[in-house]
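Numbering (full-length UniProt numbering), first residue to last: 1 to 375.
C-beta atoms are modelled at their ideal positions from N, C-alpha and C, and glycine is treated no differently.
Below is one structure, written out as structure tokens, with a few remarks after it.
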């Protein structure tokens, strides 16, 4: 599926990914390699190239598949408008393996609660975390808050890992547990190093497919790389077992995806002639993912020198002829400031001032490769 990921940042090294969840979705099927194209309306000019087929599906059958799915989508939206959707069959899913990401997940649930989101909220957490009221740990406090204030359903899990013991693999493998939540018809897994800007419940009503993912527009279009920052899943024991077997045999250098940073926005806008308007993009976006190396994740304070060097530059203002259009910079700084404030308000945690290197985790601002682990 193609989904948008606008960068409200300027420049060469910046890559906050604003995922505008309203455009084209390419659905992957375990039994059908034909990837029909669906459009759900978007005010952006995102390129909508159709997908090629390597299956034996005929053009006539392909058109029928597209028509059937479009009809299903229309029926789902009609049911939603009529208030007849059973939202308990759907869930936003978060998985956590450490305190920082637990806070991030609770912050996402706070937003969903504030937006009056209708689907369930499921939080998978390490079984050695306690929810006992006698436990005064940060983890226990946050779990109880997610449950009591934001109506999250708590599910203790055994964090999975590969023989190598790499903590990133543990994170990635644990994420696959979303495929096994068969108590739901559909779940939406969101990377927790992100923030939600607008309601997204309508994604659960997209046409049926085992997995729906946004296209990584910032990579080569012909490669058709998909992003796992947001994954719409129809839970299935069969699919869970199949994917688990695949990741267990994956090589140590097989990764998922990673943001490619560029000052050019044509890949997002869909054509090189459309003007880049960071305020318009931010207002359209629904999901924002933080990926700004060498700027660390937003719960870790960046040094003033890094901020000064990597913040968006001011653009040329046609009205004044001066480079005083600093909207992109203001927006970029603003999303980090907003994250820090919400982290304090929701989790009672301040932005971390230093990184502990003794125990490697995903909290450490290590330089990313082009890909992250496959999930």
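Point to revise | Of the residues 319, 300, 235, 351, the one placed nearest residue 184, counting alpha carbons only | key: 235
With residue 196 as the anchor, note down where its beta strand (DSSP E) starts and where it stops. Counting along the chain, the beta strand (DSSP E) containing residue 196 begins and ends at 194 to 196.
message: Considering only the alpha carbon of each residue, which of 189, 110, 85, 339 lies closest to residue 147?
response: 110
### Same chain, Cβ closer than 6 Å to residue 117, five either side skipped, listed in chain order
Sequence-distant Cβ neighbours of residue 117 in its own chain, meaning closer than 6 Å and more than five residues away, are 201.
ask   = What is the DSSP secondary structure of residue 158, counted as helix, strand or coil?
value = coil
Between the Cα of residue 351 and the Cα atoms of 296, 132, 241, which residue gives the shortest distance? Taking only the C-alpha atoms, the option nearest residue 351 is 296.
Quick one: what's residue 189 bridged to in DSSP? 93, 231
| Rounded to a whole number of angstroms, what is the C-alpha to C-alpha distance between residue 132 and residue 155? | If I take the Cα positions, the gap works out to 14 Å.
Exercise. What residue from 347, 308, 288 has the CA that sits closest to residue 294's CA?
Worked result: The shortest Cα separation from residue 294 among 347, 308, 288 belongs to 308.
Check: For residue 304, does the three-state DSSP call read helix, strand or coil?
Finding: helix
> Where are the beta strand (DSSP E) runs, 3 residues long or more, that stay fully inside the region 96 to 156, in chain order?
Replying inline: 120 to 126
Within a Cβ cutoff of 7 Å, which residues of the same chain sit near residue 353, ignoring the five residues on either side of it in sequence? 301
(Q) Quick check on DSSP: helix, strand or coil for residue 83? (A) coil
Which stretch, first to last residue, makes up the alpha helix (DSSP H) that contains residue 176?
Unbroken run through residue 176: none, as it is neither H nor E.
From residue 197 to residue 106, what distance separates their C-alpha atoms?
15 Å
- [ ] Tell me residue 317's beta-bridge partners as DSSP assigns them.
- [x] 322
DSSP state of residue 204 mapped onto helix, strand, coil
helix
Exercise. Tell whether a beta-carbon distance below 8 Å holds between residue 312 and residue 332.
Key: yes
Please check the pair residue 203 and residue 188, which I expect to be a contact at CB under 8 Å, by giving their CB distance rounded to whole angstroms.
-> 6 Å
Can you tell me whether residue 353 is helix, strand or coil according to DSSP? coil
* **Cβ neighbour criterion (16 or more within 10 Å) applied to residue 175** => buried
Checklist entry - So, is residue 322 buried or exposed, given that buried needs 16 or more other C-beta atoms within 10 angstroms? => result exposed
Grab me the residues of residue 143's own chain with a C-beta within less than 7 Å of its C-beta, minus the 5 sequence neighbours each way, in chain order. Counting only residues of its own chain and dropping the five nearest sequence neighbours on each side, residue 143 has a CB closer than 7 Å to the CB of 125, 129, 131, 154.
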